[in-house]
Every structure is written in structure tokens, then in C-alpha cells.
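S.K.:
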DNA sequence: GCGCGGCCTTGACTCAGGTCAAGGTGTTCT
DNA sequence: AGAACACCTTGACCTGAGTCAAGGCCGCGC
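The structure is reproduced here in C-alpha cells:
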């Protein structure tokens with residue numbers, strides 16, 4: 281195991297380190313999200329050894345593009361990414377937002393080709409996990425194999441949540457649900473569950489939720505009028521979580 | 281490899297055999313769909329040995345229910361199933377239809393709990409694949425491990441297709457897309473791509489596509505008037521595949 | 001054969017959210 | 001500092017799909 285360099289241990293997501301990438305899985309403060317399994321530290325070292333950390337992605341840079349050859353899955357170390365598909369007639373469908381600790385790119389496994397594109401919404405640091413090595417390691421480490429099955433299964437259940445949301449819920453409910461989802465994911469990372477900055481634009485939100493920008497904007501205004509949210513451009517404060525949950529009208 | 285028994289080799293999906301379950305993966309005519317990998321025949325035998333075939337499910341019987349403990353994934357041998365989630369306020373969201381050769385239940389892996397329910401739309405024969413055994417076998421058989429990663433990844437990309445459909449497409453486009461999807465899946469099983477019987481009700485179709493029954497019905501009428509489809513209750517004939525594709529306005 | 005219940009279709013009306021248009025605000029580049 | 005641009009908000013209007021209501025069709029049990 282490489283010894284962690286002085287300043288990098290808790291570097292975390294806020295100021296991506298541009299001069300050194302000596303983070304490792306053992307000292308990464310996201311590993312409880314990214315690797316929820318109680319891996320043996322030997323195992324962590326093995327996993328660590330296949331992971332590649334390159335220099336951060338700038339805002340709007342692509343991590344991969346639809347129809348690129350699939351080589352790796354990726355873990356977000358800092359920043360945020362959006363995944364999206366382009367439809368035949370050129371429109372975009374945002375299929376997900378990825379926050380630190382979350383894994384993306386798994387939709388490329390089935391065809392050896394990425395089924396969506398992924399683009400940084402802000403400067404973002406990424407861990408690249410070459411899939412071939414991951415497969416080999418998984419065969420040798422049942423707990424890792426299981427972990428990846430679980431990760432993929434979670435992606436499926438989350439997509440199904442979104443399907444239900446799109447198919448059954450009103451604009452208010454959709455936006456409320458997204459705010460709650462971001463809140464929960466923030467809390468998992470030990471950040472505020474009630475105050476945060478949205479990394480994505482209103483267009484992206486609308487696109488993800490199957491709404492127009494105008495509608496998203498009107499919903500925010502409405503929620504603000506009802507004192508459920510304070511909205512200042514991208515800064516969000518949840519004033520009344522219970523009402524927000526009521527408005528979302530869904531599980532989570 | 282065991283020699284196929286006299287009558288069971290091509291038993292197929294039409295008349296599920298209620299008196300004998302001596303089908304095996306080696307002689308199953310769906311194995312090119314279900315196991316697209318060129319497995320060694322030794323490997324197939326091993327896989328075959330962990331698969332359990334029980335008696336067929338009758339119409340409306342559940343294969344599993346939301347929040348049941350997750351034990352197995354399932355392959356459809358004959359018949360059709362629908363998977364659905366029940367929302368907090370008691371409404372249903374159909375998340376998928378499963379035809380012979382297709383695998384369901386993978387959404388249960390992440391929590392050891394099924395995230396949806398699965399119910400037979402008609403009498404259906406099922407192969408049960410206990411997940412623990414599958415995991416063990418996967419560790420020993422890299423090609424099987426890869427195959428399951430791919431299957432799960434395919435489920436993800438299909439869900440993302442549906443997300444896009446729900447979020448961006450009109451009622452006409454949604455129904456057209458579903459008809460094409462069923463047509464393609466029929467063709468894979470060497471059945472007619474242009475004539476088939478819908479195993480699901482209009483309610484289920486509407487529910488799956490985020491539409492009301494009335495709208496689904498109106499779309500069918502419209503397509504019939506345009507001579508794209510012939511619709512006689514559940515019997516569908518595609519008269520003009522190109523127009524249907526035009527109407528669907530999507531990739532597949 | 002008849003009556004009942006489930007499923008499907010059609011019509012008339014309503015409304016949530018889309019579209020179009022205008023103006024505001026914040027950020028970046030020179 | 002100022003211009004240019006990207007992004008956000010609000011209003012007025014329109015429309016596709018939902019709702020409500022009625023009637024038809026088909027299969028099943030008696």
C-alpha cells in the first residue's frame with residue numbers, strides 16, 4: 281500500500297486536487313458509499329491497484345460518449361456528472377445524475393458499447409475501474425462479485441423508481457421527489473440534507489423529469505410561495521421536509 | 281450431456297407440459313436467447329444442475345411479490361409475466377413484460393428483497409435459478425459471470441429506453457414502440473413478427489406506457505384507421521411495419 | 001339460452017403542462 | 001466597466017391526454 285501523502289487523505293470532494301492523485305480506496309472518505317462491503321484490507325488494496333485516477337474533468341467535458349467502446353466503469357470522487365442519451369431525432373434524455381461515491385457506466389456492459397454519454401456538470405474527479413480487471417478480481421473475490429451484482433441491481437431499481445415517477449406523478453411530485461433524492465444523497469455523504477447547491481441547470485432537471493424548463497421554474501416558485509423551499513437560483517434550502525415529502529407522495 | 285428425452289426437446293412455449301419437467305438447458309430451444317454465450321456443454325450441464333423447474337404458474341398467480349425475500353432469478357420458458365410495483369398510494373406501475381427466454385427478478389439482488397411483484401398473464405412455465413448457486417458457479421465460470429453482468433446491464437439499458445419513451449414521446453409513439461418491441465421479441469423466438477396475440481390487457485399496456493386505457497384504445501383505433509395495424513381485440517396484425525416505425529419515431 | 005361481469009371502445013368535456021413570447025439576472029470575456 | 005450570452009422566471013394561450021359517462025362485446029356460470 282502506498283502511504284497517503286500528507287494532504288490528500290481527506291481531500292474529499294470540495295477542492296479536487298489538481299497536483300496529485302495519491303488518493304486510495306483505503307483512505308477515501310467515500311468508501312463507505314462506494315464500497316459498502318466490509319472488504320478485508322488486503323482486498324481493498326487489490327481493488328485499489330486496478331483503479332486508475334486521472335486528472336479531473338472540467339465542466340462540460342465528457343467522461344464517455346454514447347457508442348464509445350466500453351472499457352471501464354467509473355466512480356465519482358468529487359463533482360457531479362449527468363448521463364444522457366440522444367434520441368434519433370436529436371433530442372436529449374437525461375437518465376441520471378451522479379454524485380460523489382456513486383458509480384456510472386454500467387449500462388455499457390451489455391454491448392461492449394456505452395449506451396449513454398456522461399458529461400461533467402462541474403469540475404469532477406473520477407476513479408476509473410477497468411472492467412476486465414474488475415471481472416477477474418470478482419471471480420477471485422466473491423464479496424466483490426456480489427457487490428457489483430448489487431450495484432447493478434440498485435441501478436435497475438432506481439431506474440424503475442424513475443419510470444414510476446414519470447408515468448404516474450405530477451410535475452410537483454416529480455420535482456419534490458428529485459429534491460428529496462438529492463437531500464438524501466447529500467446526507468449519506470455527511471453534508472447538509474436541507475441546504476445545497478444544485479449542480480445542474482433547470483433544463484437538465486426538466487429533461488430528467490420529463491418536464492419543460494418553464495414548468496420546473498413554476499414548480500420552484502410555487503414551492504417557495506408555500507414556504508416549502510427557499511430557492512435562490514441554484515441554492516436550495518428545504519424549509520419544510522414533511523410538506524416536501526407530502527408533496528412528493530412517494531416512498532423514499 | 282444428457283440425451284434429450286423423446287417428447288420434450290421441442291416442447292416449447294405453446295403447450296406447457298404439465299406432466300413432466302424433463303426439459304434441460306441443453307435441449308431447450310430457447311437457450312440461444314436465454315444463454316447467448318457459447319457455453320461449453322460441460323458448463324451447460326453444470327448450470328442445468330442448479331436450475332429448478334416446478335409446475336407451471338396459472339394465470340394471475342404470482343411468481344414473487346414485492347418485499348418477498350430474494351432467493352432466485354427466473355427464466356420464462358413459456359407464457360408471459362408482468363412485473364409491477366405498487367406505489368405508496370396503492371396504484372400499480374407495470375415495469376415490464378417478460379416473454380419466453382427472458383430473465384426476471386434481478387431487481388431483487390440489491391436488497392435481498394424483491395423490488396417488484398411478478399404475476400403470470402397466462403399459464404406460464406418457469407425455470408428458477410437460485411442466486412446463491414448462480415454466484416458460486418459464476419465465480420468458477422468467467423463466461424457465466426460475464427453473461428450475468430450483461431443481462432443486468434441489458435435490463436438497465438431497456439429501462440432507460442422506457443424512461444426516454446415515457447418522458448419524451450406521445451401516446452402514439454409509445455404504443456407503436458411497444459408493438460415493435462413485441463414484434464422483435466417474437467421474431468427472436470422464430471415466431472411471426474407481424475401477427476401475434478397480446479397476452480396483456482389494455483389496462484396493463486396503458487399502465488406500462490403511462491397512459492389511460494381510453495387513450496390506448498383510441499391509439500389502436502387510429503392506427504387501424506390508418507391501415508398500420510389490424511386490431512381484433514387482442515389479436516394484432518402489423519400491416520405496415522415502416523409506417524409503424526415512423527410512428528414510433530425511435531431507434532429499435 | 002340468458003344474465004352477469006370483465007374488458008374494450010367511443011364521445012364530450014376539462015385541465016395540467018407545453019408552447020410562445022418577453023423580460024430579468026448572473027457570469028464571463030474583453 | 002460593459003457587452004454578450006446563458007440561464008431563469010413569468011404571463012397568456014393552446015392542446016394532448018385524462019376524466020367521466022355510456023354503451024358494446026365476449027366469455028362464463030347457471
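Protein chains in written order, with our numbering: chain A, 281 to 532; chain B, 281 to 532.
No residue lacks a Cβ here, since even glycine has one placed at the ideal position from N, Cα and C.
Between the segment 438 to 451 of chain B and chain A, which residues of the former have a C-beta closer than 7 Å to a C-beta of the latter?
M.R.: Residues passing the 7 Å Cβ filter: 439, 440, 442, 443, 444, 446, 447, 448.
S.K.: Compare the C-beta of residue 387(A) against all C-beta atoms of chain B and say whether one is closer than 9 Å.
M.R.: Indexing the first chain from 1 puts residue 387(A) at position 107. Closer than 9 Å: yes.
S.K.: Let me know if residue 404(B) comes out buried or exposed under the rule of 16 or more other beta-carbons within 10 Å of its beta-carbon.
M.R.: Your numbering for residue 404(B) matches position 124 in the second chain. By the 10 Å Cβ count, residue 404(B) comes out buried.
S.K.: Name, please, each residue of chain B whose Cβ falls closer than 8 Å to the Cβ of residue 379(A).
M.R.: Position 99 of the first chain, counted from the first residue, corresponds to residue 379(A). Within chain B, no residue comes near residue 379(A); the closest Cβ sits about 18 Å away, beyond 8 Å.
S.K.: By the 9 Å beta-carbon criterion, what residues does the segment 417 to 437 of chain B contribute toward chain A?
M.R.: For the segment 417 to 437 of chain B, which is checked against every Cβ of chain A, the residues closer than 9 Å are 418, 419, 420, 421, 422, 425, 426, 428, 429, 430, 431, 432, 433, 434, 435, 436, 437.
S.K.: Taking the beta carbon of residue 385(B) as the centre, do at least 16 other beta carbons fall within 10 Å, making it buried, or is it exposed?
M.R.: For this step, residue 385(B) is matched to residue 105 along the second chain. It counts as buried.
S.K.: Residue 388(A): which of 501(A), 349(A), 465(A) sits nearest, CA to CA?
M.R.: Translated into the one-based positions of the first chain, residue 388(A) becomes position 108. If we check each option's Cα against that of residue 388(A), 349(A) comes out closest.
S.K.: To which residues does DSSP link residue 400(B) through a beta bridge?
M.R.: In the second chain, counting from the first residue as 1, residue 400(B) sits at position 120. DSSP lists 361(B) as partners of residue 400(B).
S.K.: Measure from the C-beta of residue 399(A) to each C-beta in chain B and report whether the shortest distance is under 9 Å.
M.R.: To locate residue 399(A), count along the first chain from 1; it is residue 119. Cβ-Cβ to chain B under 9 Å: no for residue 399(A).
S.K.: Answer yes if the segment 375 to 384 of chain B comes into contact with the segment 415 to 424 of chain A, meaning at least three C-beta pairs across the two stretches below 8 Å, and no otherwise.
M.R.: The segment 415 to 424 of chain A, when compared against the segment 375 to 384 of chain B, does not touch it at the 8 Å Cβ threshold.
S.K.: Kindly indicate which three-state DSSP category residue 405(A) falls into: helix, strand or coil?
M.R.: Residue numbering aside, residue 405(A) sits at position 125 when the first chain is read from its first letter. Correct three-state label for residue 405(A): strand.
S.K.: Using a Cβ cut-off of 9 Å (strictly closer), state whether residue 458(A) contacts chain B.
M.R.: As a position in the first chain, residue 458(A) is number 178, starting the count at 1. Taking Cβ atoms only, chain B never reaches closer than 9 Å to residue 458(A), which makes this a no.
S.K.: Which partner residues does residue 373(B) have in the DSSP bridge list?
M.R.: Along the second chain, one-based indexing puts residue 373(B) at 93. BP columns for residue 373(B) point to 365(B).
S.K.: So, are the CB atoms of residue 446(B) and residue 490(B) less than 9 Å apart?
M.R.: The count along the second chain starts at 1 and reaches residue 446(B) at position 166. The count along the second chain starts at 1 and reaches residue 490(B) at position 210. Contact: yes.
S.K.: Show which residues of chain B have a CB atom less than 7 Å away from the CB atom of residue 365(A).
M.R.: By 1-based counting over the first chain, the position of residue 365(A) is 85. Going along chain B in sequence order, the residues near residue 365(A) (Cβ under 7 Å) are 440, 444.
S.K.: Go to residue 507(A), then tell me how far its alpha helix (DSSP H) extends in each direction, as first and last residue.
M.R.: For the purposes of this step, residue 507(A) is identified with residue 227 of the first chain, where counting begins at 1. Residue 507(A) -> no alpha helix (DSSP H), and no H or E assigned at all.
S.K.: Nearest chain B C-beta to residue 524(A) closer than 9 Å, yes or no?
M.R.: Counting from 1 along the first chain, the entry for residue 524(A) is found at position 244. Closer than 9 Å: no.
S.K.: Note down, in chain order, every chain B residue with its Cβ under 8 Å from the Cβ of residue 415(A).
M.R.: Counted from its first residue, the first chain places residue 415(A) at position 135. Per Cβ cutoff of 8 Å: 422, 425, 426, 429.
S.K.: Kindly indicate the opening and closing residues of the alpha helix (DSSP H) around residue 411(A).
M.R.: Along the first chain, read from residue 1 onward, the residue named residue 411(A) stands at position 131. Note, residue 411(A): alpha helix (DSSP H), 411 to 420.
S.K.: State yes or no: is the beta carbon of residue 489(B) nearer than 9 Å to at least one beta carbon in chain A?
M.R.: Within the second chain, residue 489(B) is the residue found at index 209, counting from 1. So, interface residue.
S.K.: Tell me the rounded alpha-carbon separation between residue 465(B) and residue 411(B).
M.R.: Looking up residue 465(B) in the second chain gives position 185. Looking up residue 411(B) in the second chain gives position 131. The straight-line gap from Cα to Cα measures roughly 26 Å.
S.K.: I want to verify the contact list: residues of chain A whose CB lies under 8 Å from the CB of residue 371(B), in sequence order.
M.R.: For the purposes of this step, residue 371(B) is taken as the residue at position 91 of the second chain. Going along chain A in sequence order, the residues near residue 371(B) (Cβ under 8 Å) are 448.
S.K.: In the DSSP assignment, what residue or residues form a beta bridge with residue 352(A)?
M.R.: By 1-based counting over the first chain, the position of residue 352(A) is 72. Answer is 410(A).
S.K.: Compare the C-beta of residue 492(A) against all C-beta atoms of chain B and say whether one is closer than 9 Å.
M.R.: Numbered from its first residue, the first chain carries residue 492(A) at position 212. So, not an interface residue.
S.K.: Give me the Cα-Cα distance between residue 390(B) and residue 520(B), rounded to the nearest whole angstrom.
M.R.: Indexing the second chain from 1 puts residue 390(B) at position 110. Indexing the second chain from 1 puts residue 520(B) at position 240. Approximately 42 Å, taken between the alpha carbons.
S.K.: Buried or exposed for residue 448(B), please, with buried defined as at least 16 other CB atoms from any protein chain shown within 10 angstroms of its CB.
M.R.: What you label residue 448(B) is simply residue 168 of the second chain in a count that begins at 1. Residue 448(B) should be labelled buried.
S.K.: So, with DSSP's three-state summary, where would you put residue 427(B)?
M.R.: Counting from 1 along the second chain, the entry for residue 427(B) is found at position 147. Helix.
S.K.: Answer with yes or no whether the minimum CB distance from residue 355(B) to chain A is below 9 Å.
M.R.: Taking the second chain and counting its residues from 1, the one referred to as residue 355(B) is at position 75. Closer than 9 Å: no.
S.K.: With a threshold of 16 other CB atoms inside 10 Å of the CB of residue 420(B), please say whether the residue is buried or exposed.
M.R.: Position 140 of the second chain holds residue 420(B). Exposed.
S.K.: Just to check my reading of the structure: residue 524(A) and residue 460(A) have Cβ atoms closer than 8 Å, yes? What is that Cβ distance to the nearest angstrom?
M.R.: Start at 1 with the first residue of the first chain, and residue 524(A) comes out as number 244. Start at 1 with the first residue of the first chain, and residue 460(A) comes out as number 180. Right, the Cβ-Cβ distance comes to about 6 Å (below 8 Å), so this counts as a contact.
S.K.: Determine the direct distance from the alpha carbon of residue 351(B) to that of residue 396(B), and round the result to whole angstroms.
M.R.: On the second chain, residue 396(B) is found 116 positions in, with the first residue counted as 1. On the second chain, residue 351(B) is found 71 positions in, with the first residue counted as 1. Distance between the alpha carbons of residue 396(B) and residue 351(B): 14 Å.
S.K.: Out of 452(A), 494(A), 515(A), which has the shortest C-alpha to C-alpha gap to residue 251(A)?
M.R.: Limits of chain A in this structure are 281 at one end and 532 at the other, which puts residue 251(A) out of reach.
S.K.: Does the CB of residue 464(B) have a neighbour CB from chain A at under 9 Å?
M.R.: As a position in the second chain, residue 464(B) is number 184, starting the count at 1. Judged by the 9 Å Cβ criterion, residue 464(B) is not in contact with chain A.
S.K.: Using the rule of at least 16 other Cβ atoms within 10 Å of the residue's Cβ for burial, across every protein chain shown, is residue 475(B) buried or exposed?
M.R.: Translated into positions along the second chain, residue 475(B) becomes position 195. So residue 475(B) ends up on the exposed side.
S.K.: Note down the Cα distance separating residue 331(A) from residue 322(A), rounded to an integer number of angstroms.
M.R.: Working through the first chain from its first residue, we reach residue 331(A) at position 51. Working through the first chain from its first residue, we reach residue 322(A) at position 42. Cα to Cα, residue 331(A) sits roughly 15 Å from residue 322(A).
S.K.: What does the alpha-carbon distance come out to for the pair residue 394(B) and residue 516(B)?
M.R.: Translated into the one-based positions of the second chain, residue 394(B) becomes position 114. Translated into the one-based positions of the second chain, residue 516(B) becomes position 236. Their Cα atoms are separated by approximately 33 Å.
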